[in-house]
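In our numbering, the protein residues as written are 252 to 728.
Here the structure comes first, spelled out in structure tokens, and everything after it is commentary.
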């Protein structure tokens, strides 16, 4: 006698749920159906007895709608563009508009001649002279993560991310960035796990608030775990490129110093975040010009910048870097640093591509994952506009350790170790430009290895704290 089929949503539909089998998810649809119906509204077309026709929604073809109620649906569709929040200022952190790089300078590495590549590599080596190739090792932890790290239920990927978060917290504590009376801004927040652990580590600290910046909606957020009478968790659903922190109501009301954090803030998202922290607009601007121009114009007109109550003080930065191959010259904050070394947009574009040699696994077959998705960001944790994040921890790990270009075949004479070294030099040069930018704005900045390569190949943490004797928001130069 055959056993009855179990209505578990996989072998058979759950009671009162849709009878449509979703091939991609290998299970039946879980939407509730109407009385006497076999299918939900989304899959009603499967039921041949249905007289009403469903069509793709014009705002988002990923879902359908009854054709005869389309007008009503468009008024309330979740994909309908929502009014922009007050802190949205288009391209405020995008950086100054520069002259486009000639098409001849945008050629891929694979299309460059051996002579061109050798010339670029020599330029790179000249540019890094005098810079410390080895970062300070600062692999720390924090007691608040001791129990989670020892949880036997954790898989390898969960352990890796917990170790990274623990070291970020340990480094923040060493820099006195964990304390009372401040606002933590997590860029590319994703599920908000870094903010969660920071909040837990703060314990009895008073008047600490959190702004979680993420441009897309996020599932499985941990925000609800952080309910506190003395802390506020607020999500800002906006791309970092368009975020004006000085217009966020929490900062306007509290006048707290800001600590910017991020875990794996991909490529250009790091530069956007630094501009967001340090190149804010001034009261009364209309958002039509880049923020740095507006501030300089205000200085020339009034002789001073806005009062500290309008521009929150930057109390520190702790950002785990990654995906240098996704940087962008316009957004990049280290342009002055590059120019001081006789370099420009063309060299930056090449070094940005070559940076992937450090982490893309040149020894693996193929060694090339074209167009890995981001952040920012993120930008995933830390994305930039127009990119999508990973669905699983494994995809995130691959994404952050992926690259774009392996280089032309005539460089096969270079060993794997030599290519990885060149990739690391590219990352070093790009990151030192960021350090220079922070130093020019009154901060003590540096780079440190916060975890081991077996935990993450992207193991560099960018940190900054106010220089002793420097008070108030850093001035633009």
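For each residue, glycine too, the CB sits at the ideal point set by N, CA and C.
Where do the ends of the beta strand (DSSP E) carrying residue 317 lie?
315 to 317
Quick one: Cα of residue 382 to Cα of residue 462, how far?
Rounded to whole angstroms, residue 382 and residue 462 show a C-alpha spacing of 35 Å.
Exposure of residue 436, with buried meaning 16 or more beta-carbon neighbours within 10 Å:
Answer is buried; the Cβ neighbour count reaches 16.
Distance, Cα to Cα, residue 593 vs residue 569?
29 Å
Would you mind listing the alpha helix (DSSP H) stretches within the stretch 470 to 495 that are 4+ residues and don't spill past its ends, in chain order?
Complete alpha helix (DSSP H) runs here, min 4: none at all.
Backbone CA spacing between residue 446 and residue 474 [nearest angstrom]:
9 Å
Does the stretch 684 to 703 come into contact with the stretch 575 to 594, if we say contact requires no fewer than three beta-carbon pairs (one atom in each stretch) closer than 8 Å?
yes
Given 8 Å, three or more beta-carbon pairs between the stretch 409 to 419 and the stretch 491 to 498:
no
Around the Cβ of residue 504, are there at least 16 other Cβ atoms within 10 angstroms (buried) or fewer (exposed)?
exposed
Please report the residue range of the beta strand (DSSP E) in which residue 695 lies.
694 to 700
Residue 529 versus residue 387 - alpha carbon distance:
25 Å
Can you tell me the Cβ-Cβ gap for residue 714 and residue 699, rounded? I've got them flagged as a contact below 8 Å.
7 Å
Residue 425 to residue 719, Cα distance in whole Å?
Between residue 425 and residue 719, the C-alpha separation is close to 16 Å.
Unbroken stretches of the alpha helix (DSSP H), 4 residues or longer, contained in the stretch 499 to 530:
500 to 505 and 519 to 529
Does the distance from the CB of residue 375 to the CB of residue 572 come in under 8 Å?
no
Could you name each continuous beta strand (DSSP E) segment of 3 residues or more that falls completely within the stretch 266 to 307, going from the start of the chain to the end?
305 to 307
In chain order, which alpha helix (DSSP H) runs of at least 4 residues are fully inside the stretch 389 to 461?
397 to 400, 407 to 425 and 444 to 453
Within the chosen definition, does the stretch 390 to 403 reach the stretch 415 to 429 through at least 3 CB pairs nearer than 8 Å?
yes
Where residue 549 and residue 338 are concerned, what is the direct C-alpha to C-alpha distance, given to the nearest angstrom?
Note that residue 549 scores a pLDDT of 41, beneath 50, so its modelled location is shaky; the value from the coordinates is reported in the next line. In a straight line, the C-alpha of residue 549 is about 20 Å away from that of residue 338.
I need the boundaries of the beta strand (DSSP E) containing residue 328, first residue and last residue.
No beta strand (DSSP E) contains residue 328, which DSSP labels as neither H nor E.
Considering only the beta carbon of each residue, do residue 716 and residue 694 sit closer than 8 Å?
yes
With a CB to CB cut of under 7 Å and the five nearest residues on each side skipped, what residues in its chain are close to residue 702?
390, 414, 415, 418 and 710
Can you check DSSP and say which residues form a bridge with residue 714?
569 and 697, per the DSSP bridge assignment.
Given a cut-off of 8 Å on the beta-carbon distance, is the pair residue 674 and residue 607 in contact?
yes
Can you tell me whether residue 371 is helix, strand or coil according to DSSP?
helix
Starting from residue 682 and walking both ways along the alpha helix (DSSP H), at which residues does that stretch end?
667 to 690
When you compare the CB positions of residue 434 and residue 507, do they come within less than 8 Å of one another, or not?
In this structure, residue 507 lies closer than 8 Å to residue 434 by Cβ.
Identify whether residue 385 lies in helix, strand or coil by the three-state DSSP scheme.
coil
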